[in-house]
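A.B. asks: Below you'll find the structure I mean.
Residue numbers (full-length UniProt numbering): 1 to 246.
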């Protein structure tokens with residue numbers, strides 16, 4: 001049977017999510033946990049994240065024997081081997097035609113900025129930054145909404161058939177002494193959100209103008225190719241067509 005796994009992970013403890021020769025990725029660690037239960041089939045992820053990027057609700061698929069019908073028991077056994085840095089939230093059986101990556105309709109990420117005094121114990125989980133003007137931040141973030149060619153907002157060396165993406169929603173809000181940026185799209189390029197965040201922060205610092213950002217969004221000229229720290233970025237949600245393959 002084909003199983004869909006929804007899980008969270010601490011990206012600071014891994015060298016990215018996708019499997020690598022050194023076996024220090026999230027995918028490698030989760031595959032190892034599954035192997036302890038006799039599940040050796042290839043593990044497929046819905047999305048990839050860079051080194052240091054976290055996930056609240058990542059999704060993966062793997063084939064397992066029909067005897068694994070007690071999903072609560074299976075979840076607990078996987079977590080026994082996957083903890084402390086990966087946690088399976090729930091397991092669901094899906095139809096054989098389910099494509100964990102290509103059936104995705106939306107992906108959502110959050111970027112968390114802390115305005116607290118710097119704390120080395122939290123440095124891997126937020127980006128420490130001075131208080132920002134929320135109204136201006138909302139306006140800048142909204143410039144990314146809609147369909148655009150984001151070729152100037154991807155890491156060099158990326159290999160994509162198209163760099164056009166549709167950002168459905170951007171939100172910026174305050175929670176206690178944090179500012180959270182939320183982006184929802186049909187997909188993101190490699191390091192796209194970290195580049196978007198770096199541009200937003202440059203404008204807030206008055207080192208870049210809104211006009212220059214629009215020129216970059218419209219592929220006229222690249223003004224900022226920096227990456228905001230990975231520590232603040234979280235894969236928040238992955239959505240699929242309702243009732244398809246479930």
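Here a beta-carbon is modelled for each residue, glycine too, at the ideal position from N, C-alpha and C.
At which residues does the alpha helix (DSSP H) containing residue 66 begin and terminate?
C.D. replies: Premise fails: residue 66 is in no alpha helix (DSSP H) and is neither H nor E.
A.B. asks: Looking at the strands, I want to know which residues DSSP matches up with residue 147.
C.D. replies: Beta-bridge pairing links residue 147 to 166.
A.B. asks: Whose CA, out of 215, 84 and 109, lies closest to the CA of residue 49?
C.D. replies: 109
A.B. asks: Taking the alpha carbon of residue 37 as the reference point, which residue from 79, 18, 17 and 22 has its own alpha carbon closest?
C.D. replies: 79
A.B. asks: What would DSSP say about residue 141, mapped onto helix, strand or coil?
C.D. replies: helix
A.B. asks: If you draw a straight line from the alpha carbon of residue 20 to that of residue 31, how long is it in whole angstroms?
C.D. replies: 12 Å
A.B. asks: Is it right to say residue 184 is buried, meaning 16 or more other beta carbons lie within 10 angstroms of its own, or is it exposed?
C.D. replies: buried
A.B. asks: Report buried or exposed for residue 84, applying the criterion of at least 16 other Cβ atoms within 10 angstroms of its Cβ.
C.D. replies: exposed
A.B. asks: Do residue 181 and residue 111 come within 9 Å of each other at the CB atom, strictly closer than that value?
C.D. replies: yes
A.B. asks: Determine the DSSP secondary structure at residue 5, reduced to helix, strand or coil.
C.D. replies: strand
A.B. asks: Which residue's Cα is closest to the Cα of residue 60: 53, 67, 81 and 91?
C.D. replies: Ranking 53, 67, 81 and 91 by Cα distance to residue 60 puts 91 first.
A.B. asks: How should residue 28 be labelled, buried or exposed, when 16 other C-beta atoms within 10 angstroms of its C-beta is the threshold for buried?
C.D. replies: buried
A.B. asks: Mapping DSSP to helix, strand and coil, what is residue 123?
C.D. replies: coil
A.B. asks: Let me confirm a value: residue 179 is counted as buried when at least 16 other C-beta atoms fall within 10 Å, else exposed. Which label applies?
C.D. replies: Result: buried.
A.B. asks: Residue 131 to residue 115, Cα distance in whole Å?
C.D. replies: 6 Å
A.B. asks: If we count the other Cβ atoms within 10 Å of its Cβ and call it buried at 16 or more, is residue 72 buried or exposed?
C.D. replies: exposed
A.B. asks: Within 8 Å, do at least three Cβ pairs link the segment 199-209 to the segment 121-138?
C.D. replies: yes
A.B. asks: Considering Cα atoms alone, identify which of 3, 11 and 4 is closest to residue 126.
C.D. replies: 11
A.B. asks: Assuming residue 40 contacts residue 26 (C-beta within less than 8 Å), just tell me the rounded distance between them.
C.D. replies: No, residue 40 and residue 26 are not in contact; Cβ-Cβ is about 18 Å, not under 8 Å.
A.B. asks: Where do the ends of the beta strand (DSSP E) carrying residue 73 lie?
C.D. replies: Where residue 73 is concerned, there is no enclosing beta strand (DSSP E), although the alpha helix (DSSP H) it sits in stretches over 71-82.
A.B. asks: Expressed to the nearest angstrom, what Euclidean distance is found between the alpha-carbon atoms of residue 117 and residue 1?
C.D. replies: 49 Å
A.B. asks: Decide if residue 146 is buried, meaning its Cβ has at least 16 other Cβ atoms within 10 Å, or exposed.
C.D. replies: exposed
A.B. asks: Going by C-alpha to C-alpha distance, which of 193, 239, 189 and 235 sits closest to residue 161?
C.D. replies: 189
A.B. asks: Please name the residue, chosen from 106, 187, 77 and 228, that lies closest to residue 128 on a Cα-to-Cα basis.
C.D. replies: 228
A.B. asks: Buried or exposed: where does residue 54 fall if 16 or more other Cβ atoms within 10 Å of its Cβ makes it buried?
C.D. replies: buried
A.B. asks: Is residue 97 buried or exposed, if buried means 16 or more other CB atoms sit within 10 Å of its CB?
C.D. replies: exposed
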